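Residue numbers (this note's numbering): 86 to 178. C-beta: ideal position from N, C-alpha, C; glycine also. Predicted model, so just to flag it, every value in this text is computed and none were measured. Since the structure comes first, as structure tokens, the remarks are kept for the end.
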């Protein structure tokens with residue numbers, strides 16, 4: 086029993102550190118590949134789940150905000166409007 090607790094005390098933090106390191110490495114690789122950072126022509130502003138199979142999303146694309154419905158059948162454009170000005174709290178870090 087003592088051997089089990091000793092292994093648990095040693096291996097549990099080690100597994101947590103490895104998981105944290107993998108997440109940091111994946112983030113760094115995405116930034117290096119240009120995924121998830123930098124300037125993009127498309128940005129997801131907001132999403133709302135209406136049901137397990139239906140989601141609404143506001144997508145900003147070239148200065149326009151487009152409301153789309155995402156379901157199992159695909160995407161449907163519902164509305165379009167000029168993009169709202171971005172505030173300091175909505176800017177990515």
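When the Cα atoms are used, residue 95 and residue 116 turn out to be separated by approximately 33 Å. Annotated three-state conformation of residue 111 is helix, per DSSP.
Spatial neighbours of residue 149 in its own chain (CB-CB distance under 8 Å, excluding positions within 5 residues in sequence) are listed in chain order as 165, 166, 167, 168.
For residue 98, the secondary structure class from DSSP, reduced to helix, strand or coil, is helix. Taking a cut-off of 8 Å on C-beta distances, the stretch 132-141 does not touch the stretch 106-115, as fewer than three cross pairs fall below it. The beta-carbon distance between residue 127 and residue 146, rounded to whole angstroms, is 5 Å. This is short enough to meet the 8 Å contact definition. Per DSSP, the continuous beta strand (DSSP E) segment holding residue 155 begins and ends at 149-156.
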